[in-house]
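These notes concern the structure reproduced below.
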Amino acid sequence: MPDAHILGIESSCDETGAAVVRSGQQILSNVVASQIATHQPYGGVVPELASREHLRAIVPVVRRALSEAGQTYESVDAIAVTQGPGLAGALLVGISFAKALAFALEKPLIAVNHLEGHIHAVLLEQRQSGNAELQFPALALVVSGGHTHLYLAQVRENLWTYRNIGHTRDDAAGEAFDKVAKLLGLGYPGGPIIDRLAPHGDPQAVKFQIAQIKHPDRRDHKQSGHERVSADEGPHFDFSYSGIKTAVLRYVETQNLKPAIEARRQALAGVDKPTLEDIRGLCDRQILNLVASFQRSMVNDLAMKTLAAAREYDVRTLFVSGGVAANRELRATFEREAGMQGLPVLFPSRALSTDNAAMIAAAAFPKFLRGEFVAMDFCAEAGMALR
Ligand code: KG4
Ligand code: ZN
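Here the sequence shown stands for residues 881 to 1267, where the numbers follow the working numbering.
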C-alpha cells in the first residue's frame, strides 16, 4: 500500500481545522481553532460570524498543521476537505481554500462527508494503536450538534458504504444539551458544561420520559410494521429529543426556577471565560439534580436505542463518535451495556470526538487509494447525506 500524506481541512461549523495524516493511520498534526469565544455571547453559533472567523483562521491554521507535521505545501500528496453537511458559508471557506491549494500545487482534491469523517476518527485511532482488524458489520452512532444518526458501515476494496438505519426526527442530541444548558443559564456550548456538572447532582431526582418512536416517518414512502421501514431497508431506530427540552422548560416553570436562572445568566455574563467552578458555584442542588437527570435520560435513551439496533442487525462492532461521544457518562454507559451484550464498542479519544480535520484526512485516504478525486467545480452541500 503506498504511503500518502493527506492535508485535511475542516470548516463545517464553528471550528477551523487542518491536519496532516499519514496513510489514514498516523496523525502528524491536528490543529483546531475554536470559535467558542466568538459565539458565546449569543448562546449559539451565528453562521455569518462563523464564516468570518474561518476566513481569519484558515491560513494560519493550515500553515501550523503543515509545519507541526514537518511537511510543506509541496510535500503533501493530496488535499482533503469537508464538502458537507454543515453551514453553507462556513463550508465554502474551507472548500475555496482547498480548491485554490489543489489548483496551484497541482495536487489531487478529495471531498469528504463530515459524518464519514466522524466515523473515520474511530478507525484512524484504532489503526494508530495497532488494532487494524475490525469485525464487520459495524454499526456507527454519529452523535453531534447536528446529527444523531445510526449507520451500518461496510468496506470492500477501500470503498466504504453506509446505510442509515436511524436518525433524529427533530433535535439532535448535542442540540438538546446545548438548548437545555442555554435554558438553564449555564452557558455555551452546553454539552461539555452539563457533562462536568452532572456528577454533582442526583440523576434519579427528576423523571423524564423520552419519546419512543412507534410510527413510521412520513418522509419515507413505503411503510410497515412497528418501526420505520423504507423501500430497500429493514427496521429503523429513530430518536427524538425536542420533547425532553420542553419537559425541562416545564419543570423550570412549575418549580419557579426562572429568577435564579436569570441571576446566574447575569452573573456569568460578567465573568470573562467562566470556569466550571464559576458555573458550579452559581448552581444550587435543584439545578444540579435537574442537569444530572437530564443527562442520565439522554444517555440511557441513546444507549438503549443504539444497542437495540445492534442486536437487530447482529453487528460485530459498535462505533460511537461525534461531539456528544466526548460525554463521560455516555462512554461509561455504552461500555457497560455493550459489554453485557459482548459487543466491542469503540470511541475516538475525547479530543477527536469533536470536530477536527484529522478525521477528514483519514476518511480521504481510502478515496485517495481509489483515485476518487473531485473536479474544481464541486460545491458545498449543506444538507449532504451519507451513503
Ligand atoms: O461533532 P461536533 O464537534 O460538531 C458537530 O458536528 O455538530 O459536536 C458538537 C456538539 C455540541 O452540541 C456540543 O455541546 C456537544 O457536541 N458536546 C458534548 C460534549 N462535548 C461536546 N455533549 C455532551 N458531552 C460532552 N462532553
Ligand atoms: Zn461534527
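For glycine and all other residues, C-beta sits at the position ideal for the given N, C-alpha and C. Please read these numbers as outputs of a predicted model, since none were measured by experiment.
At a threshold of 6 Å, A1206 counts as near the ligand KG4, since its beta carbon sits closer than that to one of the ligand's heavy atoms.
Counting along the chain, I907 sits inside the beta strand (DSSP E) bounded by residues 906–914.
Distance from the CA atom of A984 to the CA atom of A1238, rounded to whole angstroms, is 23 Å. In the DSSP assignment, T896 falls within the beta strand (DSSP E) that extends over 895–902. Under the Cβ criterion (8 Å, minimum of three pairs), the region 1033–1049 counts as touching the region 1253–1267.
In the DSSP assignment, S1201 falls within the unbroken beta strand (DSSP E) covering 1197–1201. Excluding five sequence positions before and after A1244, the CB atoms of its chain that fall closer than 6 Å to its own CB belong to I886, A960, I990, V992, given in chain order.
Contact residues of the ligand ZN (beta-carbon closer than 5 Å to any heavy atom; chain order) are S1024, D1235.
Residue side-chain check: F1057 places its Cβ nearer than 6 Å to a non-hydrogen atom of the ligand KG4.
For R1049, the CB contacts under 6 Å within the same chain, skipping 5 residues up- and downstream, are D1118, S1120 in chain order. The C-beta of T1134 has fewer than 16 other C-beta atoms within 10 Å across all chains shown, which makes the residue exposed. For L1148, the closest of G1065, R932, V1254, G1054 by C-alpha to C-alpha distance is G1065.
Under DSSP, N1044 shares a beta bridge with Y1031. Counting of Cβ neighbours within 10 angstroms places D1164 among the exposed residues, the total staying below 16.
By the CB criterion at 7 Å, G1046 and A1205 fall outside the cutoff. Counting along the chain, no beta strand (DSSP E) covers N1207, and no H or E run does either. With fewer than 16 other Cβ atoms from the protein chains shown falling within 10 Å of its own Cβ, N1136 counts as exposed. DSSP places T1155 in no beta strand (DSSP E); its state is neither H nor E. Ranked by Cα distance from R1130, the first of T1155, Q1089, L1187, R1176 is Q1089.
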